[in-house]
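Count along the sequence shown from 1, then add 25; that gives the number in the numbering used here.
By construction, the Cβ of each residue, glycine as well, lies at the ideal position given by its N, Cα and C atoms.
What you are looking at is a predicted structure, and each value in this text was computed from that prediction instead of being measured.
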Amino acid sequence: MSLVIDINKQISWNGPDDGTDRMSFVSSVFLLCLQLPNKTLLLAASSACIGGTFQYGYNISIINSPTVYVQNFINQTWAERYQTNISEDLLTLLWSTIVSMLTLGGFMGATIGGTLSMKLGRKGTLLTNNIFALVAALLMGLSYHTGLYELLIIGRFLIGITAGIAICVQPLYLGEIAPTAFRGTMGMGTSVFITGGILTGQVIGLKELLGREEYWPILLSTTCIPALLQLLTLPWFPESPRYLLIDKGDNQGCKKALKQLHGVADWDRELEEIQKEKNNLTGFQAKKPWELFTDRSFHWQIVTVMLLNMSQQLNGINAIYFYADYVFKQSGIPEDKIPYVTVGTGACECITALTCGMLIDCLGRKVLITGGYILMSICCILFTLALSFQDASPVIPYLSMVCIFAFILSFGLGPGGVTNILTTELFTQTARPAAYMVAGWVNWLSFLFISLVFPFIVIGLQQYCFLVFLVICFSVVVYIFLVVPETKNKTFVEIQNAFKSNNSKDHTADSGRTTLLTTSI
Numbered sequence: 026m027s028l029v030i031d032i033n034k035q036i037s038w039n040g041p042d043d044g045t046d047r048m049s050f051v052s053s054v055f056l057l058c059l060q061l062p063n064k065t066l067l068l069a070a071s072s073a074c075i076g077g078t079f080q081y082g083y084n085i086s087i088i089n090s091p092t093v094y095v096q097n098f099i100n101q102t103w104a105e106r107y108q109t110n111i112s113e114d115l116l117t118l119l120w121s122t123i124v125s126m127l128t129l130g131g132f133m134g135a136t137i138g139g140t141l142s143m144k145l146g147r148k149g150t151l152l153t154n155n156i157f158a159l160v161a162a163l164l165m166g167l168s169y170h171t172g173l174y175e176l177l178i179i180g181r182f183l184i185g186i187t188a189g190i191a192i193c194v195q196p197l198y199l200g201e202i203a204p205t206a207f208r209g210t211m212g213m214g215t216s217v218f219i220t221g222g223i224l225t226g227q228v229i230g231l232k233e234l235l236g237r238e239e240y241w242p243i244l245l246s247t248t249c250i251p252a253l254l255q256l257l258t259l260p261w262f263p264e265s266p267r268y269l270l271i272d273k274g275d276n277q278g279c280k281k282a283l284k285q286l287h288g289v290a291d292w293d294r295e296l297e298e299i300q301k302e303k304n305n306l307t308g309f310q311a312k313k314p315w316e317l318f319t320d321r322s323f324h325w326q327i328v329t330v331m332l333l334n335m336s337q338q339l340n341g342i343n344a345i346y347f348y349a350d351y352v353f354k355q356s357g358i359p360e361d362k363i364p365y366v367t368v369g370t371g372a373c374e375c376i377t378a379l380t381c382g383m384l385i386d387c388l389g390r391k392v393l394i395t396g397g398y399i400l401m402s403i404c405c406i407l408f409t410l411a412l413s414f415q416d417a418s419p420v421i422p423y424l425s426m427v428c429i430f431a432f433i434l435s436f437g438l439g440p441g442g443v444t445n446i447l448t449t450e451l452f453t454q455t456a457r458p459a460a461y462m463v464a465g466w467v468n469w470l471s472f473l474f475i476s477l478v479f480p481f482i483v484i485g486l487q488q489y490c491f492l493v494f495l496v497i498c499f500s501v502v503v504y505i506f507l508v509v510p511e512t513k514n515k516t517f518v519e520i521q522n523a524f525k526s527n528n529s530k531d532h533t534a535d536s537g538r539t540t541l542l543t544t545s546i
């Protein structure tokens with residue numbers, strides 16, 4: 026029996042069909058999945074993430090805890106200004122505006138993120154991005170003492186810009202500093218830190234910490250802490266080697282960055298791969314977002330990225346969190362204990378993202394994201410049945426709780442983490458920033474759409490709304506199976522070549538239709 030593992034984590038097994046040998050092989054594969062990248066590489070990724078997508082997750086969850094307190098502040102401020110109480114409808118409108126400003130700012134951040142990453146570099150953009158976070162923290166912290174709830178609106182908009190730029194540029198940085206063998210593991214940093222941010226926001230928002238009424242301005246201004254941490258740590262790490270060599274032509278800077286990130290023993294292999302990609306891109310200019318829609322060589326890639334980012338918001342994960350409190354109450358959990366159970370859902374998603382990070386370079390992207398959507402489809406069916414027969418038996422509410430945690434686990438295992446990695450891997454260097462801009466637009470618009478439309482879906486369909494999400498999840502499974510290739514252990518050039526056959530078929534079909542039309546005319 027012989028076990029062969031090459032430097033790029035390709036595994037082969039040769040030997041007789043013996044159970045013991047196969048167990049040894051499986052154990053070796055498992056150990057391989059647990060291998061870690063270079064320590065400097067991990068620290069650079071952590072520094073990028075703490076001020077990046079951590080901010081996105083943190084600011085999504087941190088606003089939930091002080092809802093009542095902020096509304097009381099608005100009511101009090103309105104009464105002092107106009108000597109009358111604010112109407113319920115206007116109060117709801119102002120609160121909804123404060124919450125939704127994150128989405129509007131996120132869309133704006135995604136719009137400028139790709140352009141900034143080309144002009145300032147990936148690392149430079151992440152560092153500059155902290156200015157928005159620091160100003161936002163200052164404004165939200167001062168809102169109560171100045172009696173200006175308008176500062177909350179501006180602050181949420183600015184922190185939305187931070188989140189939009191981060192979710193566009195940070196995965197770009199992670200994908201470009203990672204060696205091919207660890208690109209999936211490094212890319213999962215985006216998902217791990219988003220879920221970590223959500224969990225941290227839920228924990229800090231508990232009454233034992235900053236969840237009391239007198240602390241809500243401090244709670245909202247804590248968004249400055251991740252920004253300061255990144256400003257103190259990220260300057261110690263290098264710029265993206267791919268950006269330095271391909272975009273800037275800085276050969277020495279690229280070599281220095283690779284040695285620091287990958288170690289003295291492994292940097293030359295990565296340099297060769299980057300150089301090969303640069304040679305393939307000779308004569309190509311950086312793509313604008315709209316050019317991706319007109320360039321036939323990117324047809325299936327841009328369709329895939331748009332579909333996956335849209336379905337990431339429309340697959341039902343927001344509906345699960347919407348129904349969570351109701352299900353927890355039905356299960357007999359006291360209302361004052363529900364925030365602690367909600368923290369459990371955040372911890373569940375965070376742990377799953379970590380697990381996905383350990384498995385992704387072993388099992389592959391396609392297996393995880395397809396498996397995740399299949400499990401979510403099953404959970405949609407079971408949850409619909411459980412909600413329909415909620416009062417039929419005392420056991421049913423607990424089954425609903427199991428469905429909630431199973432759905433969250435399935436989301437974290439595949440769609441939550443793999444989507445951003447695929448956005449990095451499906452495009453070459455000249456098209457990648459534009460692709461992230463498009464992905465950001467689709468993601469934020471889908472988030473806004475589901476926020477506006479979902480309450481009406483629930484009112485109209487009630488528990489049967491999960492049948493809509495079932496159709497979405499199953500449709501994505503079919504699309505991924507038919508169109509998306511496995512990208513594990515492939516260079517960016519190899520992935521691009523894998524899409525060429527589909528794109529060339531489209532081009533041939535279009536040429537045939539054009540010829541037929543010309544002949545008929």
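CA-CA distance, residue 282 to residue 250, rounds to 27 Å. Contact annotation: the stretch 243 to 258 touches the stretch 73 to 86, with at least three C-beta pairs closer than 8 Å. DSSP, read as helix, strand or coil, puts residue 203 in coil. In the DSSP assignment, residue 499 falls within the unbroken alpha helix (DSSP H) covering 490 to 508.
In terms of Cβ geometry, residue 422 and residue 244 do not form a close pair [threshold 8 Å].
CA-to-CA, the gap between residue 343 and residue 294 works out to about 43 Å. Counting C-beta pairs with one atom in each stretch, the stretch 510 to 517 and the stretch 388 to 405 have three or more that are closer than 8 Å, which means they touch. Within the stretch 222 to 289, the complete alpha helix (DSSP H) segments of 4 residues or longer fall at 241 to 246, 249 to 258, 276 to 287, listed in chain order. In this chain, the alpha helix (DSSP H) harbouring residue 337 covers 324 to 339.
Counting along the chain, the unbroken alpha helix (DSSP H) around residue 293 starts and ends at 292 to 305.
In this structure, residue 269 and residue 278 form a Cβ contact; the two beta carbons are roughly 4 Å apart against a cut-off of 8 Å. Inclusion of residue 209 and residue 406 in the CB contact set at 8 Å is not warranted, their separation being larger than that value.
The Cβ atoms of residue 187 and residue 80 lie closer than 8 Å to each other. The beta-carbon separation of residue 338 and residue 157, rounded to 23 Å, does not stay under the 8 Å limit for a contact. In the displayed model, residue 183 falls within a helix according to three-state DSSP. A distance below 8 Å separates the beta carbons of residue 430 and residue 370. When the Cα atoms are used, residue 357 and residue 227 turn out to be separated by approximately 21 Å. Burial is judged here by how many other beta carbons sit within 10 angstroms of a residue's own beta carbon; residue 66 has at least 16 and is buried. Counting only residues of its own chain and dropping the five nearest sequence neighbours on each side, residue 490 has a CB closer than 7 Å to the CB of 344, 482, 483. The stretch 299 to 317 makes contact with the stretch 446 to 458, as at least three CB pairs between them are under 8 Å. Of 374, 72, 133, the smallest CA-CA separation from residue 147 is found for 72. Within the same chain, 451, 452, 524 come within 7 Å of residue 326 by CB-CB distance, once the 5 residues on both sides are set aside. By the Cβ neighbour-count rule, residue 174 is buried, with 16 or more other Cβ atoms within 10 Å of its own.
Rounded to the nearest whole angstrom, the CA to CA distance from residue 201 to residue 298 is 12 Å. The three-state reading of DSSP puts residue 422 in helix, counting H, G and I together.
Between residue 166 and residue 246, the C-beta spacing is below 8 Å.
Just measuring C-alpha positions, the residue of 331, 398, 107, 154 sitting nearest residue 436 is 398.
Burial check for residue 324: the Cβ neighbour count within 10 Å reaches 16 or more, so the residue is buried. The DSSP-derived three-state label of residue 211 is helix. In terms of Cβ geometry, residue 217 and residue 382 form a close pair [threshold 8 Å]. Counting every other CB atom within 10 Å of its CB across the protein chains shown gives residue 267 a total of 16 or more, marking it as buried. Its Cα nearest to that of residue 264, the residue 197 stands out among 197, 225, 522. Taking 4 residues as the minimum length, the alpha helix (DSSP H) runs contained wholly in the stretch 78 to 108 are 78 to 86, 92 to 107, in order along the chain. In the same chain as residue 129, and ignoring 5 residues on each side of it, the C-beta atoms closer than 7 Å to its own belong to 182, 185, in chain order.
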